[in-house]
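Those protein sequence lines, which keep their order, are chains D and C. At the far end of the first sequence sits residue 684, using the working numbering, and the numbering has no gaps. At the far end of the second sequence sits residue 684, using the working numbering, and the numbering has no gaps.
Number of protein chains: 2
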Amino acid sequence: MSFGEIDQLCINTIRILAVDMTFQANSGHPGAPMGLAPVAHVLFNKFMKFNPKNPKWANRDRFVLSNGHACALQYILLHLYGYDMTMEDLKNFRQVNSKTPGHPENHISGIEVTTGPLGQGFSNAVGLALAQTHTSATFNKDQFDVINNYTYVFTGDGCLMEGVASEAASLAGHLKLGNLICIYDDNHISIDGDTNCAFTEDVDKRFEAYGWQTFVVEKGDTDLESISAAIEKARKVRDKPSIIRLRTTIGFGSKIAGTGKVHGSPLSKEDAMHVKSIFGFDSEKSFQVPDIVYEFYRKTATKGAKVEKEWNILFSEYENKYSSEAAQLKRRLTGKLPEGWEKSLPTYSPEDKAIASRTLSQTIIEKLAHVIPEFICGSADLTGSNLTRWKDAVDFQHPSTGLGDYSGRYVRYGVREHAMAGLMNGMAAYGTIIPAGGTFLNFISYAAGSVRLSALSHHQVIYIATHDSIGLGEDGPTHQPIETMAHFRALPNMMVWRPADGNETSAAYYIALTERGKPTIMALSRQNLPQLSGSTIGKAIKGGYTLLETHEKADITLISTGSEVGICVDAVKILKMQGIKARVVSLPCWEVFDTQSKDYKLSVLPDDIPILSVEVYSTLGWEKYSHEQFGINTFGASGPYKDVYKKYDFIPEGIAKRAAQTVEFWKDVKPIRSPLNRAFEQLI
Amino acid sequence: MSFGEIDQLCINTIRILAVDMTFQANSGHPGAPMGLAPVAHVLFNKFMKFNPKNPKWANRDRFVLSNGHACALQYILLHLYGYDMTMEDLKNFRQVNSKTPGHPENHISGIEVTTGPLGQGFSNAVGLALAQTHTSATFNKDQFDVINNYTYVFTGDGCLMEGVASEAASLAGHLKLGNLICIYDDNHISIDGDTNCAFTEDVDKRFEAYGWQTFVVEKGDTDLESISAAIEKARKVRDKPSIIRLRTTIGFGSKIAGTGKVHGSPLSKEDAMHVKSIFGFDSEKSFQVPDIVYEFYRKTATKGAKVEKEWNILFSEYENKYSSEAAQLKRRLTGKLPEGWEKSLPTYSPEDKAIASRTLSQTIIEKLAHVIPEFICGSADLTGSNLTRWKDAVDFQHPSTGLGDYSGRYVRYGVREHAMAGLMNGMAAYGTIIPAGGTFLNFISYAAGSVRLSALSHHQVIYIATHDSIGLGEDGPTHQPIETMAHFRALPNMMVWRPADGNETSAAYYIALTERGKPTIMALSRQNLPQLSGSTIGKAIKGGYTLLETHEKADITLISTGSEVGICVDAVKILKMQGIKARVVSLPCWEVFDTQSKDYKLSVLPDDIPILSVEVYSTLGWEKYSHEQFGINTFGASGPYKDVYKKYDFIPEGIAKRAAQTVEFWKDVKPIRSPLNRAFEQLI
């Protein structure tokens, strides 16, 4: 296929629509869409496999716009190809409640992942490619390439400067993900102006060092043949990811083309008219799409629908021949877990020995691995500490390494926490995988950019965050989280679990796996924790519950999480000797507890009893549930963990002392209101 | 100088001390110190310029152990060279309250920066090198090279996998920092085992792509001559940073040398004895240092003292000839700000026009740049949005670029938020610079790993965090912080400011600059904010104060920060019409307010008046000050900012509505206790 006038007309239509959208919004980024219109046109029209009428078709090629600020481009493509995106939607660009927000969001039909924070989309694309590779290796059979899609990602200079993209690129090279093709918009412009001011590295050489195949297209604004040839060649490279460096002109066609001025603000009215006129459009009109452009794109869409139809036939045959594989793939695509999987979750009683919650998690992982085939685990180079690997796990590796194969379900992420999270978002977005990945809780913060997007994008990603506190001991304050739980508890749509024993750990996994639209952080101890009397999975799945009740009205409620719950139980014994009746509430997951009925919550944290919270973290946020807080609002210390706990007085005596002070301080206050009582529901 | 038996004895002494320290602690990392002992010996003995008796000597070479888990090595060196580190300290390795914590901390004499979280030390080293380069360019004169130190950094595979190190390496290459020498411990082992499982990139090629000079030493365990020659050559490369890839054997000498087993756990008793015996030490004894080893190292220390003495003479002459430069350098080294600098802080009155706090910040930066020469600013490629650059600023660039020079005080960090923060920590540690750097508040989270270390290490770093809320409007939820303030408010030793107007912005800068041991995050608005009646710098520097008082006893206290304070003031007018008397408290900095006297705090948030907090973030943490919270516990939205504020009801009417509900709900509660009343002080 060679390119003709119609292609140029399509490209220019995209360009002037981007000009109009940003002009109408009086906000946004016209430059990148104008520069990327040619490659987008060639890619979508000639190579991409998709059906706008079924945007969730399992074997579609995945497209990720990592430079998400260029989203006008993506919305225009969705419109022109006939996705659920009207001209009215384009006109509402960047307006409240529109389908065209300022950066692409994955709830919009046809958009795979939410991007915008630079580097995220790139790492998502690596995750999508990994997921495809794994799914192919798991399900494809001789003559049945049921899963063989590509992942294409557009990226700008900004993404490639970000560490998360460097990490992901290095890992993609190591894993030899041949189905991944990156198109790098090398336009020499970032927000501060010419990239010469901060970004002068040799990008091609860097990617070669990572093990990528590199291609260059010098005339990315005009040379459709070369663009097409480069993509063609990249598709043929099957043992490496490819990057095509495309020299483009930001804002091509504008009077300020090739400058930073066209990056992040609409064109002036005059310049907008200029662009339209040089591209042969009516300079007075806006949102012009020639009918032949619509026709042209709809033809491609029809072709896409046909390709899907052919695939459906292939899949039917596959289903006949490999019924259990087909059933499993279909089940995984619907997001339904295997029947009865939850029976594998272990339960414990107080007679069972004390076990670290990271080890309790390991026991669960060992079982889940065998009953939930879509459960893919890994670690950022802390496998032996996170205890994330099951006994007969196979590593996800290129077979040539001799270290595993592509059907492997254990990913060695290397010391790349941020990329691990970014990849897991992509893996979750692919649709056939539930990814879980381990690191120390303190280093989840390295991944904060991606963790935020897990929550915002409703990706079911499980962060296994061991060494969850000063309880990690000797590694000291650089490794001991203090602020981390407050951070992630404040993150909307994120479930942060900190189980106190075996039953609570099982409950945490139960909710993490059944809540399909929410990510989870599991904060797990390094040190052993006793199995508590009064805990059950059934109680713990409510997020918070009364672990230890008093016969008569209590003098105080102790509320705690994780490793401190057992210490609170011991404190109760000391308080009893002092004539103080204490009850204990375990609150392993705030997010889940908050969704319970008010009656239930008030039964757990009732009025008329002062409440003391106990947790070895910043007290910030605990005022929501308690009248008094015992926590650590400074950094930790290096030493054997018992000594560190003692240093901060998180021992039964230290808790009892503060509980007694609390009882004394509140004794004349009548009535005592549970902090749960509020004038209005907080905006949720 | 060639190497002899004594050198080998020194190296083996270091090795067996590392074995003993970790064995005694029953915890820690013997492998890396054993592998790195040769290069550490050669570097410190032959090349490093330092005086153990004056660890803060301005022109000392800087040493950074980025693979901080190898800190036994660093403590041993400090001990052998006669720093304030006794044999007893070595024996207390990893114990509570010891001088030898599990990772190096910068409060220990002779340790420049706190490391351990991987990649941080590497980026700190780039910052130290940048600071030295700038200080040299600013102060050195013909024949007076008063500042010419090198920065050496040891790094392992882990650091080089981290994105923050990639970002920092790319920037160091761009900036051509010839005084920076990295020694890469290429031991093929990370925690998960052989680096083949996740890290197979070509590191040399990657660093060449960044613009670094690369060297390789194949026999890093034994070939002292080659190690020395490589360092010698690297020192001569003046227009590029250098990396020496040193092939070593982790745990050299141990029976499990070259395996992952020797990385993170002490040797067995038998293996420890084995190591001692093959190195010719008494296998039954521990903590052995032959006298001649002490003598040898003390000789180097004496040489170092002499070098400093010579420098002192040079500096005296410099002082005679360039008295004002010398005085400035000395002043900067003591951390004292220039006399009267604070007079440059602007004040505002309610008649002044509404201005965005990012623009108010720009006005201050414009002034500070001229009165505080140690103030070095920059941005992670958002200069035009963060408004961090003053009019006649010179960029910090290699002169050959034609874009600036090394005396320039404006750093173009590129889209590298994490490295910006890591570099700023190093710059602050250097001692002659107060660094400030800009990005959007939401993307400070990308830098969380380094921001945490700013706080833990008491670095005076200023984060200029603009576009601080949904008020940034069209960019939408991917760019709008919700959880961010809770995160950093929970971080110990971090001052998070969110000024409401001009006077508060000046107050924020006043405290940020005068508090030498604390970092600051300035959350600044994109949108205009009115100048408030009742605000003064004097009040705002208390962190919180009564902005608007009622004549009679109030029915409600509204407490708020930043852009919402002005909306609260408007809400008061609506409430007045409803017969509700409301007072308004502005709380721009929790950390600072918390340090005020209880009496003062209770005067701002008194008993017997219900308190409603108003802020467009997660409500988490606000329960500390308020009875009721109005916030956003979900993600934001894309749209013009006024529409977004309206969507979430953060308009005067929405606040007034909730205030009325609060008054109604609390009307029968007597007494109402201010949440500031507590049974005991939280652990701080």
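Glycine residues also receive a C-beta, built at the ideal position from the N, C-alpha and C atoms. None of these values were measured; they are calculated from a predicted model.
Contacting residues, own chain, Cβ-Cβ under 6 Å from residue i (five flanking each side not counted)
i, result
"D/Arg62", "Glu112, Leu128, Thr151"
"C/Ile684", "Confidence is the limiting factor: at C/Ile684 the pLDDT is only 48, short of 50, which leaves the residue's position unreliable and the question unanswerable from this model."
"D/Asn386", "Ser379, Gly438, Ile464, Thr466"
"D/Asp239", "Lys176, Gly178"
"D/Asn59", "Ile147, Asn149, Trp311"
"C/Ala131", "Met427, Tyr430, Ile433"
"D/Thr595", "none"
"C/Ser283", "Met273, Lys276, Ser277"
"C/Gln8", "none"
"C/Trp622", "Ser613, Gln629"
Residue from the options with nearest C-alpha to residue i
i, options, result
"C/Ile278", "C/Thr13, C/Phe593, C/Thr22, C/Asp192", "C/Thr13"
"C/Gly426", "C/Asp7, C/Met85, C/Thr115, C/Gln74", "C/Thr115"
"D/Lys255", "D/Lys276, D/Leu246, D/Asn442", "D/Lys276"
"C/Asp352", "C/Leu612, C/Gly173, C/Leu529", "C/Leu529"
"D/Gly193", "C/Cys71, C/Leu333, C/Asp395, C/Val616", "C/Asp395"
"D/Leu267", "D/Leu491, D/Ala18, D/Arg412", "D/Ala18"
"C/Ala209", "C/Glu515, C/Asp282, C/Glu225, C/Ala172", "C/Ala172"
"D/Val415", "C/Ile376, C/Pro38, C/Cys159, C/Asn67", "C/Cys159"
"D/Ser454", "D/Phe488, D/Lys601, D/Pro481", "D/Phe488"
"D/Ala436", "D/Trp212, D/Tyr545, D/Ala447, D/Met420", "D/Met420"
Sequence-distant residues of its chain with Cβ nearer than 7 Å to residue i (five each side left out)
i, result
"C/Glu308", "Asn51, Asn54, Trp57"
"C/Asp223", "Val217"
"C/Thr484", "Leu441, Asn442, Ile444, Ser445"
Range covered by the beta strand (DSSP E) that runs through residue i
i, result
"D/Met495", "495 to 497"
"C/Pro435", "434 to 440"
"C/Val64", "62 to 65"
"C/Ser400", "No beta strand (DSSP E) contains C/Ser400, which DSSP labels as neither H nor E."
"C/Pro215", "Reading off the sequence shown, one finds Phe at residue 215 of chain C, where the question assumed Pro. Run containing C/Phe215: 213 to 217, per the beta strand (DSSP E) assignment."
"C/Asp291", "Where C/Asp291 is concerned, there is no enclosing beta strand (DSSP E), although the alpha helix (DSSP H) it sits in stretches over 291 to 321."
Residue span of the alpha helix (DSSP H) that contains residue i, given as start and end
i, result
"D/Val686", "With chain D covering 1 to 684 only, the question about residue 686 of chain D has no answer from this structure."
"C/Leu17", "5 to 25"
"D/Gly173", "163 to 175"
"D/Glu270", "269 to 278"
8 Å CB neighbourhood of residue i in its chain, flanking five on each side removed
i, result
"C/Val663", "Asp555, Ile556, Ile580, Pro610"
"C/Ile541", "Ala507, Tyr510, Ile511, Val592"
"D/Asp607", "Pro671, Ile672, Arg673, Ser674, Asn677"
"D/Ile372", "Leu337, Pro338, Trp341, Ile434, Leu513"
CB contact flag (residue i, residue j, <8 Å)
i, j, result
"C/Ala137", "D/Asp381", "no"
"D/Asp291", "D/Gly35", "no"
"D/Cys10", "D/His41", "yes"
"C/Ser638", "D/Arg94", "yes"
"D/Phe287", "D/Met87", "yes"
"C/Lys367", "C/Ser344", "yes"
"D/Lys518", "D/Gln460", "yes"
"C/Arg516", "C/Gly335", "yes"
Count the CB pairs spanning the stretch 498 to 514 of chain C and the stretch 352 to 368 of chain C that are closer than 8 Å, and state whether there are at least three. yes
Three Cβ pairs or more, each shorter than 8 Å: is that satisfied between the stretch 558 to 573 of chain C and the stretch 646 to 662 of chain C? Yes, the stretch 558 to 573 of chain C touches the stretch 646 to 662 of chain C.
Under 8 Å: do the stretch 666 to 681 of chain C and the stretch 635 to 655 of chain C share three or more Cβ pairs, one atom per stretch? no
Under 8 Å: do the stretch 153 to 166 of chain C and the stretch 392 to 406 of chain C share three or more Cβ pairs, one atom per stretch? no
Could you tell me whether the stretch 232 to 250 of chain D touches the stretch 14 to 26 of chain D, using the rule of 3 or more Cβ pairs below 8 Å? no
Taking one C-beta from the stretch 472 to 486 of chain D and one from the stretch 96 to 104 of chain C each time, how about it: are there three or more such pairs within less than 8 Å? Contact between the stretch 472 to 486 of chain D and the stretch 96 to 104 of chain C is established, with three or more Cβ pairs separated by less than 8 Å.
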